[in-house]
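Engineer:
There are 2 protein chains.
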Amino acid sequence: MSFAIDPHSLGYLLHHTTSVHRRVMAQHTKAFDITPEQYGVLLQLRTAEGISQKRLSEKMHKDQATVGKMIDKLEAKALVQREADPADRRAFLVHLTDTGSQVVDGLMQDSTQVHEQAVAGIAPEEFDIFIKVMQQLYNNLSQDALHD
Amino acid sequence: MSFAIDPHSLGYLLHHTTSVHRRVMAQHTKAFDITPEQYGVLLQLRTAEGISQKRLSEKMHKDQATVGKMIDKLEAKALVQREADPADRRAFLVHLTDTGSQVVDGLMQDSTQVHEQAVAGIAPEEFDIFIKVMQQLYNNLSQDALHD
DNA sequence: AACATATAATATGTATACTTATTATATGCA
DNA sequence: TGCATATAATAAGTATACATATTATATGTT
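Which chain is which? The protein sequence lines are A and B, in order.
Every position in the first sequence, counted from 1, becomes a number in our numbering once 267 is added.
Every position in the second sequence, counted from 1, becomes a number in our numbering once 267 is added.
1. Going by CA-CA distance only, name the one from G335/A, G373/A, T302/A and L408/A that's closest to I318/A.
2. Mapping DSSP to helix, strand and coil, what is H328/B?
3. Does the Cβ of E304/A lie closer than 7 Å to at least one heavy atom of the ligand GDP?
4. Helix, strand or coil, according to DSSP, for R349/A in the structure here?
5. Measuring alpha carbon to alpha carbon, tell me which of V400/A, I389/A and N406/A ends up nearest N407/B.
6. Using a Cβ-Cβ cut-off of less than 7 Å, list which residues of the region 313 to 334 of chain B approach chain A; keep chain order.
7. Going by Cα to Cα distance, which pick from R290/A, Q311/A, L312/A and R313/A is closest to T302/A?
8. Just to confirm before moving on: does the CB-CB distance between V370/A and L312/A stay below 8 Å?
9. From the DSSP secondary-structure annotation, give me the bridge partner or partners of I318/A.
10. Of all the CB atoms in chain B, is at least one closer than 8 Å to the CB of G278/A?
11. Closer than 6 Å by C-beta to L413/A: which residues in its own chain qualify, once you throw out the five before and the five after it? Chain order, please.
12. Going along the chain, which residues of the region 386 to 406 of chain A sit with their C-beta nearer than 8 Å to a C-beta in chain B?
13. Is it right to say A385/B is buried, meaning 16 or more other beta carbons lie within 10 angstroms of its own, or is it exposed?
14. Count the other CB atoms, across all protein chains shown, that sit within 10 Å of the CB of T284/A; report buried if there are 16 or more and exposed otherwise.
15. Using the beta-carbon of each residue, which ones in chain B are nearer than 9 Å to T296/A?
16. Can you give me the Cβ contacts of T364/B inside the same chain, cut-off strictly under 7 Å, excluding the 5 residues immediately before and after it?
17. Return no unless some Cβ of chain A is closer than 8 Å to the Cβ of T284/B.
18. Where does R290/A sit, in a helix, a strand or coil, going by DSSP?
19. For a contact defined as C-beta to C-beta under 9 Å, what are the partners of V292/B on chain A?
20. Would you report the Cα separation of D415/A and Q380/A, rounded to the nearest angstrom?
21. Can you find a CB in chain A that lies within less than 8 Å of the CB of S368/B?
22. So which residues on chain A does Q305/B lean against when the C-beta distance must stay under 9 Å?
23. I need the DSSP call for L323/B, collapsed to helix, strand or coil.
24. Which residue wins for smallest C-alpha separation from Q402/A, given the options A343/B, A387/B and D377/B?
25. In whole angstroms, what is the alpha-carbon distance linking E383/A and A343/B?
26. Which class does A387/A belong to by DSSP, given the choice of helix, strand or coil?
27. In whole angstroms, give me the CA-to-CA distance for H288/B and F359/A.
Written out as structure tokens, the structure reads:
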């Protein structure tokens, strides 16, 4: 195995690129008075309306406690709503409110802009390889990390 | 621009892969009673012995307050040491202790293992493209994000 | 020297992210 | 049915991560 990069810098590259992506997204989400993580919740709900906090935490690869807190904040801002699950009295089903839907719709446009900014000057074939490698890294690292 | 992936999923891919990488590293750093972020500090100090917290925060792309807190914790564990900067009474110079050096040395080996686990089955040429694309994404996104 | 401005570190407050424990409710099985 | 076990959500505690403010010290200008 003779890769060009120092093995210790894979972590740096992942973390720094992810951080800067978050910071750019934060500049956009700020206008809607939410964080990028909260946008992530709204985006999931858009295509998974009425799922439980448990399922949501699995889909987002975050633990239940974290997602629960985020739902608290989003509910306080009236962007989502908790509904008692009629089939399981331990669970809540989470719904987007109308305002919540409007916020996601607005931010999806910003998100597309950020994507275009991010991939500027990158050849499509290379970007495809990048995606494939990222998925492989994820799969390789997931083998012994606990997740859904 | 017709990339294969949904523009909204670039963030997911970055965040999830970075998270899983952190979780795997955490399994290793735990044996040394530190976090992956604290390992990052020690690793930087290894090649930049005696730099200020300010410089350290710049090299790590984190803000000074965050790095200051991490130094507090590492100092409490006797892995690093603060020294008054003789040339600037506002500043501290941060040093690895002997124990700190041993911890980095041990974890660098673990880190190499994690790297190998991560890149298993990935063709070197594709990994090179991956690195290049990551760097381009970083550069593109850094244009309007504040950083060093 | 005196003063305005910049800078290094710290303090404070908010928001993830994860661990462990707790509570209420489900579910499987005797 | 009754009980052991599993599960959904929450609570409490620790550690980033960042924004804003504060304090002490430097530095530039007059």
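Backbone N, C-alpha and C fix where the C-beta goes; we use that ideal spot for every residue, glycine too.
Structural biologist: Reading from the atomic positions:
1. Comparing Cα positions, the closest option is G335/A.
2. It is coil, neither helix nor strand.
3. No copy of the ligand GDP occurs in the structure displayed, which carries no ligand at all.
4. It is a strand residue.
5. Selected option, being the one with the closest Cα: I389/A.
6. Flagged, chain order: H328.
7. Ranking the options by Cα distance to T302/A, first place goes to R290/A.
8. With respect to the 8 Å criterion, V370/A and L312/A are not classified as neighbours on the basis of their beta carbons.
9. For I318/A, which the question treats as bridged, DSSP gives the partners V361/A.
10. True, the Cβ-Cβ gap to chain B drops below 8 Å.
11. Because the pLDDT of L413/A is 37, which lies under 50, any placement of that residue in the model is unreliable, and the number read from its coordinates should be weighed accordingly. Closer than 6 Å at Cβ, skipping near neighbours: no residue.
12. So the list reads V386, A387, G388, I389, P391, E393, F394, D395, I396, F397, I398, K399, V400, M401, Q402, Q403, L404 and Y405, given in the order they occur along the chain.
13. A385/B comes out buried.
14. Classification of T284/A: buried, given that the 10 Å Cβ count is 16 or more.
15. In chain order: nothing, as chain B lies at least about 11 Å away.
16. Closer than 7 Å at the Cβ level, and outside the excluded window around T364/B, lie A345, L346, V347 and Q348.
17. Yes - at least one Cβ of chain A is within 8 Å of the one on T284/B.
18. Here R290/A sits in helix by DSSP.
19. According to the sequence displayed, residue 292/B carries Met and not Val. The answer, in chain order, is G278.
20. Bear in mind that a pLDDT of 34 at D415/A, under 50, signals an unreliable position, so the number given afterwards is only what the model happens to contain. Distance between the alpha carbons of D415/A and Q380/A: 30 Å.
21. By this cut-off, S368/B is not an interface position.
22. Under the 9 Å cutoff, chain A gives no residues; its nearest Cβ is about 13 Å from Q305/B.
23. Note: L323/B maps to helix in three-state DSSP.
24. Among A343/B, A387/B and D377/B, the Cα nearest to that of Q402/A is on A387/B.
25. Approximately 45 Å, taken between the alpha carbons.
26. Coil.
27. Going from the Cα of H288/B to the Cα of F359/A covers about 31 Å.
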